[in-house]
Amino acid sequence: MEQETKKINRSIKIYPIFAAFTGDLIFFVPIDTLFLTLVKGLTASQIVAMTMLSLIICICFQNAILYIVKKIGNVNSLRLGATMLLIASLLLTFGKSFISMLLYNSIHELANMFLNMDEIILKNNLKFVNKRDDYFKIRNKSKIIYAIITLFTALVAGKMFNINHYLPMYLSIIVYILVLGTAFLYYEAKVNNEQETQKNHKKLTITSIIFYIILSNAVFYSIIKMGQNNSKLFMQYDFQKFLSVEMVTYYITTIVFISRIARLVGNLMFGKVYLKIKDKMSVVLTICLALAFTLLIVGHFIESAFIYKVIIMSLGFFLILAIRDSFQTYIEDVALTISNKEEQQEIIIKVEVYRRLGTLILSAIFTLILMKYELIVIEFILLVLSIGEIFINKRLCDKLNKEKR
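The opening residue of the sequence shown carries number 2 in the numbering used here; numbering runs sequentially from there.
Put into structure tokens, the structure is as follows:
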């Protein structure tokens, strides 16, 4: 018993570092478009096609992933995900064709599905040591560490790329060898069978609460993902009306760097706010999301004072980054709290799959819209969607409160 408790506490302690380093290919993200275009020779259309095909593959394989997870368990799924992450970084580094890049991106997407089992392991371990309410705090800590790491890599990856195009990727491979080793230190608490047999579900039952959790997360994540990418381009085109290409590059890179700090500050701030507002968290975050696009749109229409345009649009962009991690952590916490062990794996995979499906649908729609209209139309659509998301989360909040009565 004492030995098991030590293993569980060790797993809880290593979780924030492990989750932070598996959040993405951290040395690759800051130079992703540079590496794919200049080193791998991909065109913009090939990059878009690669991303969309990878999402489709991930969505199609959801049942196979769930079968494997149930067959091998959460800890082994975590180790499989870490192995796939290392394979993906090797393919990205040494692959030379579009097919190898598509394979890299597909394996990377699938790896993330397996790696998400670390959330279930954390939740079950905390339940075992009577610290179940610490999930948001520990998960948020991993997001803070991730924000600090990416802040550092945003500073150094570009310089390393200029020294040697492959240097950031070699460092990524070393990091994910270490990550794979860390995965073998994980341990999951054995859940009391009596507690788990109270709900004898073989298959996840989609209740109204689960439906709103999946819907809310899919819509929110899609808005954040598309909003982050398109808003950066939106600001770039706006600034080009007033500045030279060199100055626009300076402004955009500075804004992106500060946005990393905003992400860190957002995680710190909302980590404290969550302790006070709990189930109202998602409503507060979605109101902030609507405010972000309002600021971007208002800034777009400012023509007389350029500095005010920059400040207002930048604040909108910073707000998008500041709220993205806290919402994901909140949804995970709620999803795992209302489900039993038999349901946890399926609900986490469904949450992830529908996140990708939402992004895929929105990406396809926006691609068609941009063939005829300007980016301001996209920003208005994202604003409308974010207002709709407020009402979705209000419904979720009401249902959760009703469930507790």
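A virtual CB, placed ideally from N, CA and C, is assigned to each residue, including glycine. Just so we're clear, the structure is a prediction, and the values are computed from it rather than from any experiment.
One question on the structure: do residue i and residue j come within less than 9 Å of each other, judged by their Cβ atoms?
i, j, result
"S283", "I349", "no"
"I145", "G272", "yes"
"F22", "Y187", "no"
"F29", "P169", "yes"
"F328", "L286", "yes"
"E5", "K191", "yes"
"L1", "L93", "Nothing can be reported for residue 1, as the shown portion of the chain is limited to 2 through 406."
"I303", "V130", "no"
"Y167", "V257", "no"
"F153", "F243", "no"
"T330", "R261", "no"
"V76", "E189", "yes"
"N268", "D326", "yes"
"K233", "I253", "yes"
Between the options, which lies nearest to residue i when the distance is taken from Cα to Cα?
i, options, result
"L363", "I60, K226, D334", "K226"
"T295", "Y275, G317, I278, V274", "G317"
"L371", "V249, F235, K242", "F235"
"L91", "K142, F162, I139, Y171", "Y171"
"I60", "S12, I298, A112", "A112"
"V266", "V249, G300, L216, A323", "A323"
"I121", "N341, E404, T38, A65", "N341"
"E347", "F240, T206, L37, M248", "T206"
"T1", "I13, P31, A50", "Residue 1 lies beyond the stretch modelled for the chain, which goes from 2 to 406, so this question has no answer here."
"I259", "T183, S173, I149", "I149"
"L87", "F36, A158, I174, R140", "I174"
"K14", "Y147, R140, M270, T44", "R140"
"T183", "S46, S12, K279, R325", "S12"
"Q237", "S143, L156, L376", "L376"
"F36", "E110, G159, F319, Y147", "G159"
"N218", "T34, V354, A293, V274", "V354"
"L401", "Y374, Q345, I339", "I339"
"R264", "Q241, T38, I164, S143", "S143"
"K310", "F240, Y251, T255", "F240"
Tell me, to the nearest whole angstrom, how far the beta carbon of residue i is from that of residue j; I am working on the premise that it is less than 8 Å.
i, j, result
"K1", "L337", "Since the first and last residues shown for the chain are 2 and 406, residue 1 lies out of range."
"I379", "Q229", "In fact, because the Cβ distance is near 12 Å, the residues do not count as touching under 8 Å."
"G74", "F115", "Contact flag wrong, Cβ pair sits at about 11 Å."
"V299", "I313", "6 Å"
"L290", "S387", "4 Å"
"L56", "I224", "Not a contact, Cβ separation roughly 16 Å."
"S78", "M118", "4 Å"
"L43", "M102", "6 Å"
"F162", "E390", "With a Cβ gap of about 37 Å, F162 and E390 do not count as contacting."
"Y68", "D334", "With a Cβ gap of about 26 Å, Y68 and D334 do not count as contacting."
"F99", "Q47", "6 Å"
Can we say the segment 95-106 touches the segment 9-20, given the rule of at least three CB pairs closer than 8 Å?
no
Taking 8 Å as the threshold, find out whether the segment 351-362 comes into contact with the segment 50-67 through three or more Cβ pairs.
yes
Touch test, the segment 382-398 against the segment 207-215, Cβ-Cβ under 8 Å, three pairs minimum
yes
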